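Here the structure comes first, spelled out in structure tokens, and everything after it is commentary.
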Amino acid sequence: MHAIDRFFENSADAVVGVNKYQQIFLWNHACERLFGVPFDQVRGRKCYDVVAGRDLDENMFCRPDCPLFAKALGCELIADYDLVIQGAERDPVAVNVGFFVTPAACRDETDLVVIHVFRYINSYRLIKRLAADRAFGAQGLRACKFNLTARETEILELTTKGLTTASIANELFISETTVRNHLKHIFSKSFI
Numbered sequence: 065m066h067a068i069d070r071f072f073e074n075s076a077d078a079v080v081g082v083n084k085y086q087q088i089f090l091w092n093h094a095c096e097r098l099f100g101v102p103f104d105q106v107r108g109r110k111c112y113d114v115v116a117g118r119d120l121d122e123n124m125f126c127r128p129d130c131p132l133f134a135k136a137l138g139c140e141l142i143a144d145y146d147l148v149i150q151g152a153e154r155d156p157v158a159v160n161v162g163f164f165v166t167p168a169a170c171r172d173e174t175d176l177v178v179i180h181v182f183r184y185i186n187s188y189r190l191i192k193r194l195a196a197d198r199a200f201g202a203q204g205l206r207a208c209k210f211n212l213t214a215r216e217t218e219i220l221e222l223t224t225k226g227l228t229t230a231s232i233a234n235e236l237f238i239s240e241t242t243v244r245n246h247l248k249h250i251f252s253k254s255f256i
């Protein structure tokens, strides 16, 4: 086991290390929990085949001709990004991915080119992103591809303003359970 493997072994974040051929050679315990697959089943496989991530609009993101990987080979810095992956329970999971590039000067010492760090996106952050990505008014939100109802749109907008479930329920004269159910529907529509 390399020192880098030991460094990430017990991280709470899922960590995937990839070589210059886009093959996985680092897969920590958190990855096993997130994806539901042990390291011995992914070692040497292409990262895009295993992760198979899509962006929040359901476009395939992980692929052989990954532009981010090409930038990494050129030692360019890459900003974090969001993906939807298939989790251990075979359900869609929203994650934010940190993309760390090994400096060219260190590549003689390791096969490591890229480290991906996967973190769950909490529901508040996801709602904020959904609303920000579609920040063209309530009518636009209803018309977007998620087919939100008028009530779901109202709840999404109130949530992005920081209102709690109880506050939304009071504002709309509905129960907190109804608000939570609407939020579940919003999430399910955004991952279909």
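Numbering (this note's numbering), first residue to last: 65 to 256. Glycine included, C-beta positions come from ideal geometry on N, C-alpha and C. Fair warning: this is a prediction, and the values are worked out from it, not measured in the lab.
Counting other Cβ atoms within 10 Å of its Cβ, residue 105 stays below 16 and is therefore classed as exposed. Across the structure, residue 178 and residue 165 are spaced so that their CA atoms are roughly 5 angstroms apart. Residue 167 and residue 245 have their C-alpha atoms roughly 47 angstroms apart. Per DSSP, residue 152 lies in no alpha helix (DSSP H) segment and is marked neither H nor E.
Residue 228 counts as exposed, since fewer than 16 other beta carbons sit within 10 angstroms of its beta carbon. Under a 10 Å Cβ-count criterion, residue 92 is classified as buried, with 16 or more other Cβ atoms of the shown protein chains found around its own Cβ. In terms of CA proximity to residue 75, 95 leads the group 88, 239, 127, 95. The secondary-structure analysis by DSSP pairs residue 180 across a beta bridge with 80, 163. Following the DSSP letters along the chain, one finds residue 68 inside the alpha helix (DSSP H) bounded by residues 67 to 72. DSSP places residue 125 in the coil class of the three-state scheme, outside both helix and strand. The shortest CA-to-CA distance from residue 127 to any of 136, 114, 138 is the one to 114.
According to the DSSP assignment, residue 236 belongs to the alpha helix (DSSP H) that extends over 229 to 236. Within the same chain, and ignoring the five residues on either side of residue 182 in sequence, the residues whose Cβ sits closer than 7 angstroms to its Cβ are 77, 78, 98, 159, 161. For a cut-off of 8 angstroms, the C-beta gap from residue 150 to residue 112 is around 13 angstroms, too long to register as a contact.
In the structure shown, residue 115 adopts helical secondary structure according to DSSP, grouped into three states. Taking a C-beta distance under 9 angstroms as the contact criterion, residue 90 and residue 100 do not qualify as a contact pair. Judged by DSSP in its simplified three-state form, residue 212 adopts coil rather than helix or strand. Under the three-state reduction of DSSP output, residue 220 falls in the helix class. Put simply, of 154, 120, 175, 131 the residue whose alpha carbon is nearest the alpha carbon of residue 69 is 175.
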